[in-house]
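*Asks:* The structure's right below; bear with me while I get my questions together.
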Amino acid sequence: MLLDALLNPNAVAVIGASEQVDHLGHIVMTNLLNSQFKGTILPVHPRHKSVASIYCYASVQALPIKPDLAIICDIALFDQELLQQLHLQQCHSVILMPVSSVSTLTINTDLFQLAQQFGIKLLGPESIGVIAPWRNLNASCSPVSAHPGKLAFIAQSNSVCTTVLDWASERGIGFSYCISLGESYDISFDQLLDYLCRDSHTEAVLLQIDSIQDARKFMSAARAASRKRRILVFKPTDKLGLGKNIVSDLVYDAAIKRAGMLRVYDTHELFAAIETLTHSIPLRGERLAVITNGQATGMMAINQLDTLGGKLSNLCNNTLETLTESLSIPQYAQTPIYVGNSGGIEHYEIALSTLLDSDDVDAILIILCPSFAVKHQALSHRLIEIIHSHPRAKRFNIFTNWTGETCAPSRQLFTQHGIPTYRTPESAVTAFMHLVEYRRNQWQLKETPATIESYTQQQLQSIRAWLEQKTEHSDQSNEMITLDITSSQELLQLAQLPILRSQLAKSAQEAAQFADDIGYPVTVKLASPDIIHKSDVQGVALNLNSAEEVATAVDSIIDRANSVQPDSVILGFIVQPMARLFGTQEIRIKIVDDTVFGPTLFIGQGGSGWRISSQSVVSLLPVNMALSQYLLVQAVNNGDIRFEHSALIPNFAIIAQFLVKLSEMIVACPQIKELDIHPLLIDGNELTILDAAIKIAKFNGESHTRLAIRPYPVEMERVVNLKHGKPVLLRPIKPEDEPLHAEFLTHVTREDLYKRFFSDVGEFDHAALANLTQIDYDREMAFVAIEDFNTPQPQIIGVCRVMLSADNHDGEFGILVRSQLKGHGLGRILMQQLVDYCQQKGTRYLVGMTMPNNSGMLALAKSLGFEIDISFEDGTADMRLTLENQ
1 MLLDALLNPN AVAVIGASEQ VDHLGHIVMT NLLNSQFKGT ILPVHPRHKS
51 VASIYCYASV QALPIKPDLA IICDIALFDQ ELLQQLHLQQ CHSVILMPVS
101 SVSTLTINTD LFQLAQQFGI KLLGPESIGV IAPWRNLNAS CSPVSAHPGK
151 LAFIAQSNSV CTTVLDWASE RGIGFSYCIS LGESYDISFD QLLDYLCRDS
201 HTEAVLLQID SIQDARKFMS AARAASRKRR ILVFKPTDKL GLGKNIVSDL
251 VYDAAIKRAG MLRVYDTHEL FAAIETLTHS IPLRGERLAV ITNGQATGMM
301 AINQLDTLGG KLSNLCNNTL ETLTESLSIP QYAQTPIYVG NSGGIEHYEI
351 ALSTLLDSDD VDAILIILCP SFAVKHQALS HRLIEIIHSH PRAKRFNIFT
401 NWTGETCAPS RQLFTQHGIP TYRTPESAVT AFMHLVEYRR NQWQLKETPA
451 TIESYTQQQL QSIRAWLEQK TEHSDQSNEM ITLDITSSQE LLQLAQLPIL
501 RSQLAKSAQE AAQFADDIGY PVTVKLASPD IIHKSDVQGV ALNLNSAEEV
551 ATAVDSIIDR ANSVQPDSVI LGFIVQPMAR LFGTQEIRIK IVDDTVFGPT
601 LFIGQGGSGW RISSQSVVSL LPVNMALSQY LLVQAVNNGD IRFEHSALIP
651 NFAIIAQFLV KLSEMIVACP QIKELDIHPL LIDGNELTIL DAAIKIAKFN
701 GESHTRLAIR PYPVEMERVV NLKHGKPVLL RPIKPEDEPL HAEFLTHVTR
751 EDLYKRFFSD VGEFDHAALA NLTQIDYDRE MAFVAIEDFN TPQPQIIGVC
801 RVMLSADNHD GEFGILVRSQ LKGHGLGRIL MQQLVDYCQQ KGTRYLVGMT
851 MPNNSGMLAL AKSLGFEIDI SFEDGTADMR LTLENQ
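In terms of full-length UniProt numbering, the sequence shown opens at residue 1 and continues consecutively.
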């Protein structure tokens, strides 16, 4: 694989190896030797005969065998000549260690381009290296090593990397890999996530992120990886905005959630989450029960649960009666299960066993405060026995909190037996809520959206043409143009969005004339680029019922504006029909171009005091119905939208449809750089845009390139004909295709499914179907052939898909056709579609695997120029097509 030379090398060259104890070259050699690396260690230094009692070579050229990995301990040695020597030695990976006190960073882009040309992967610069405990590899300068475990750790910060390693070492928590990215000029998160998701020793991944350079690659890899592994992201919040935009942090948060990952914000959360990721099984539900011998600690746990939006379990009457009778203490449906201050081992055993026998809870937190009545280690041993022996225990997530330092040995005991344990009730509950939030993010990742009416391509083309005409005289692509009220209204009407009719008047007389034309009552608003909040000068006049009232209102607004902000530029006055406000609600919707993740949607209550950084929910574009509705629910739950005093309950489905339509327009029209709807009036099922500020700019290139998430590629849709002349629609798969795909699979025989998936797949559940239909259109692509596509009951009759490697070197394909439609030419159509797609992407090879007895697939592949390699011993047939010269 691409990164095997780095993460699983057979021979390691240490360039700049040293006998000086405080030199990086000596520390790296010591770490390699202490890890009992099974491969060959090759120290390189022109003046040493040996380093750490290992023969030292004067140069890379002198090495007797090829090194898979070279560690550059002195950055000053890294130059074109060294790269050339490594290339001649067939070395494929290099770690660039941190700059020493006597060296300067002199790396330039030419060196990285040369490394790419030679096929050499570079980790760093400023990387402290790689630790792979399962492979006995410590190719790092870290002062702390790592035990073997199931958690992979990738860090940009060296200080965080060593801190986490030190903390984990003290608690016996292990890792499958620890990888320090450093400056990550070449190797980045996306490549490593691809690798780790195929690694059998890795069950979860921890990412420490400072910043992301390529949002598209990161999101593509993260969304794919989070379907296979639990992924935790540690990114502290920049609350003070030191050197960064505070709003950008919200966008990172939205991106992490959108990818189905979990974010933690400080080291306390980080360590609790590592404990949880290392030991917990996937969460079945969100109902938590608490067992405790201290009422105060039990309430601490419940208060924390309430603060974080969690759910305390509601015990049924049978469970309550059993607990009350057995413990001789009254128990209540939604309080901690109290075993008493003098509760001993048997009391805890009764409480735990009763919950494990019930269906009232999904997770259990067991708390012990030091007590004269029970020896904490004896209780720990007994509870571990119950958890490991009870037939239903694996259905529950079980956490423990043995408080106080005297209980440290018991916490260590729980860790050794794979049971998450924490020092405080609050940290235990926080860890549980990490699993809850992760579960919710995964649900959002795999939710099947509903289909709604969207723009036709002709409508979108009309909007794009209007925008191009408005920006054609711009000298630069980043020159922003602020649309006036008339142009904004024209654009939104063209987009079929519900904008309130408006006129921009230059004077009181003109405002009165417009009011006569519109019809009374009307509203008059100040239009000034210098007065952001009209309320600062009382710049809005409502319910005006005559020309005289309009003229008087305009004059009054001018007087107040000149008094409060005398130097402000007044463009005029917006005259609108008076919207019905009683019983309605207002929200604010803003779309801005984030410098990393592209177009981003913000939703909040709005108003003059709206703080976008703390009073809004955020989502990357594009959004669908499921994501939009989830976003609205989140906004209400967070208090960012408050639907109060409303006569009519706002229709979330209608608002979500509006957001989807807005999203589709922004995605298709890259000229729109910023759109601020303030406010959107909601009156039951009726939506009205009262005011909107829009900024546009010239755009050159493909519109989807600015998006972190590739939108549905409508341009790839086409109609083809089968052998008998029947037309079918060939298009990329959509998330909404899940029910159609499920129906399609019922028309494929077990034999054909076995040939496609190499196993008896059984029934496809929602999660499996979501993985097949919800793709990112960037690295993974799937096309469906649809019969009767112009009818109310279209049917999928064939599917083909390709998964591209991270470097686009090759793509692995798969094809499945309705069993009764074999011989109609559909297989060849689908196969040719994949060949054309990969050629357009610049992929070098198209590869696939089938069974030796799948004669139809092998014959098709051979007719298209594939090389076939059949292994009857392994029961496989490999197919490979070279695309670069076609």
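Backbone N, C-alpha and C define an ideal beta-carbon position, used for all residues, glycine too. Since the model is a prediction, treat every value here as computed from it, not as a measurement.
Between which two residues does the beta strand (DSSP E) containing Leu270 stretch?
*Replies:* Leu270 -> not in any beta strand (DSSP E); alpha helix (DSSP H) instead, spanning 267-279.
*Asks:* Is the Cβ-Cβ distance between Ile694 and Ser488 less than 7 Å?
*Replies:* Yes. Within cutoff.
*Asks:* Quick one: Cα of Arg258 to Cα of Ser226, how far?
*Replies:* Approximately 10 Å, taken between the alpha carbons.
*Asks:* Can you list, in chain order, the stretches of the alpha helix (DSSP H) that have 4 or more residues and sit fully within the segment 406-463?
*Replies:* Counting whole runs of 4 or more residues, the segment 406-463 contains the alpha helix (DSSP H) stretches 408-416, 425-446.
*Asks:* Residue range of the beta strand (DSSP E) that Pro739 falls in?
*Replies:* Careful: Pro739 lies outside any beta strand (DSSP E), inside the alpha helix (DSSP H) at 738-745.
*Asks:* In the segment 189-263, which residue ranges form an unbroken alpha helix (DSSP H) of at least 4 residues, counting only runs that do not cross its ends?
*Replies:* The qualifying runs are 189-196, 215-225, 246-258.
*Asks:* Taking one C-beta from the segment 6-15 and one from the segment 64-83 each time, how about it: are there three or more such pairs within less than 8 Å?
*Replies:* Yes, since at least three Cβ pairs between the segment 6-15 and the segment 64-83 fall closer than 8 Å, the two stretches touch.
*Asks:* Using the C-alpha atoms, what's the distance from Val554 back to Ala508?
*Replies:* Whole-angstrom Cα-Cα distance: 6 Å.
*Asks:* So for Ala301, helix, strand or coil by DSSP?
*Replies:* Here Ala301 sits in helix by DSSP.
*Asks:* Do Phe189 and Phe218 have their C-beta atoms within less than 7 Å of each other?
*Replies:* In contact: Phe189 and Phe218 (Cβ atoms closer than 7 Å).
*Asks:* Check this for me: beta carbons of Cys141 and Ile128, under 7 Å apart or not?
*Replies:* In this structure, Ile128 lies closer than 7 Å to Cys141 by Cβ.
*Asks:* Excluding five sequence neighbours on each side, which residues of the same chain lie with their C-beta closer than 8 Å to the C-beta of Thr600?
*Replies:* The residues are Val251, Ala254, Ile591, Val592, Asp593, Asp594, Val618, Ser619, Leu620, Leu621.
*Asks:* Considering Cα atoms alone, identify which of Gly725, Gln820, Leu729 is closest to Thr746.
*Replies:* Ranking Gly725, Gln820, Leu729 by Cα distance to Thr746 puts Gln820 first.
*Asks:* Report yes or no: do three or more beta-carbon pairs, one from the segment 147-161 and one from the segment 174-183, lie closer than 8 Å?
*Replies:* Yes, the segment 147-161 is in contact with the segment 174-183.
*Asks:* Could you please give the first and the last residue of the uninterrupted beta strand (DSSP E) stretch that includes Ser619?
*Replies:* Element bounds for Ser619: 616-620.
*Asks:* Look at the alpha carbon of Met849 and the alpha carbon of Met879, and state the distance between them as a whole number of angstroms.
*Replies:* Distance between the alpha carbons of Met849 and Met879 is about 6 Å.
*Asks:* Looking only at its chain, what residues have a beta carbon closer than 8 Å to the beta carbon of Leu83, apart from the 5 residues adjacent to it on each side?
*Replies:* Hits under 8 Å: Leu111, Leu114, Ala115, Phe118, Ile120.
*Asks:* Who are the Cβ neighbours of Ala547 in its own chain at under 7 Å, not counting the five residues just before and after it?
*Replies:* Cβ neighbours of Ala547 beyond the five flanking positions: Ala512, Ala515, Asp516.
*Asks:* Select from Lys726, Phe783, Leu192 the residue whose C-alpha is nearest the C-alpha of His741.
*Replies:* Among Lys726, Phe783, Leu192, the Cα nearest to that of His741 belongs to Phe783.
*Asks:* Where does Leu332 fall in DSSP's three states?
*Replies:* The sequence given here has Tyr at residue 332, not Leu. Looking at Tyr332 - three-state DSSP - the assignment turns out to be coil, as it is neither helix nor strand.
*Asks:* Would you call Pro498 buried or exposed, if buried means 16 or more other Cβ atoms sit within 10 Å of its Cβ?
*Replies:* Looking at its Cβ environment, which holds fewer than 16 other Cβ atoms inside 10 Å, Pro498 is exposed.
*Asks:* Taking the alpha-carbon positions, what's the Leu123 to Ile398 distance?
*Replies:* So the alpha carbons of these two residues sit roughly 39 Å apart.
*Asks:* If we call anything under 7 Å between Cβ atoms a contact, is Ile677 one with Ala692?
*Replies:* Their beta carbons are under 7 Å apart, which means Ile677 touches Ala692 by this criterion.
*Asks:* Taking C-alpha atoms, which residue in Ile641, Ala653, Phe699 lies nearest to Gly666?
*Replies:* The residue you asked about is not Gly; residue 666 is Ile in the sequence shown. Checking every option, the nearest Cα to that of Ile666 belongs to Phe699.
*Asks:* What three-state label does DSSP hand Met879 in the structure shown?
*Replies:* Strand.
*Asks:* Are there 16 or more other CB atoms within 10 angstroms of the CB of Ile775, so buried, or fewer, so exposed?
*Replies:* Per the 10 Å Cβ criterion, buried.
*Asks:* I need the DSSP call for Cys369, collapsed to helix, strand or coil.
*Replies:* Looking at Cys369 - three-state DSSP - the assignment turns out to be coil, as it is neither helix nor strand.
*Asks:* Tell me, please, which residues DSSP counts as bridged to Glu867.
*Replies:* According to DSSP, which records beta bridges pairwise, Glu867 is partnered with Arg880.
*Asks:* Any idea what DSSP makes of Lys726, helix, strand or coil?
*Replies:* If DSSP states are grouped into helix, strand and coil, Lys726 belongs with coil.
*Asks:* What does DSSP give as the partner residue(s) for Gln576 in the beta ladder?
*Replies:* Answer is Thr523, bridged to Gln576.
*Asks:* Under the three-state reduction of DSSP, which class applies to Tyr185: helix, strand or coil?
*Replies:* Tyr185: coil per DSSP, three-state reduction.
*Asks:* Taking Cβ to Cβ, would you say Gly798 is nearer than 7 Å to Leu826?
*Replies:* Yes; because the gap between Cβ atoms is below 7 Å, this pair is in contact.
*Asks:* For the beta strand (DSSP E) that contains Val12, what are its first and last residues?
*Replies:* 11-15 is the span of the beta strand (DSSP E), which, as asked, contains Val12.
*Asks:* Three or more C-beta pairs under 8 Å: does that hold for the segment 400-418 against the segment 366-376?
*Replies:* The segment 400-418, when compared against the segment 366-376, does touch it at the 8 Å Cβ threshold.
*Asks:* What separation, rounded to the nearest whole angstrom, lies between the Cα atoms of Ile518 and Asp567?
*Replies:* Roughly 31 Å between the two C-alpha positions.
*Asks:* In the structure shown, what three-state DSSP assignment does Gly811 receive?
*Replies:* Three-state DSSP puts Gly811 in a strand.
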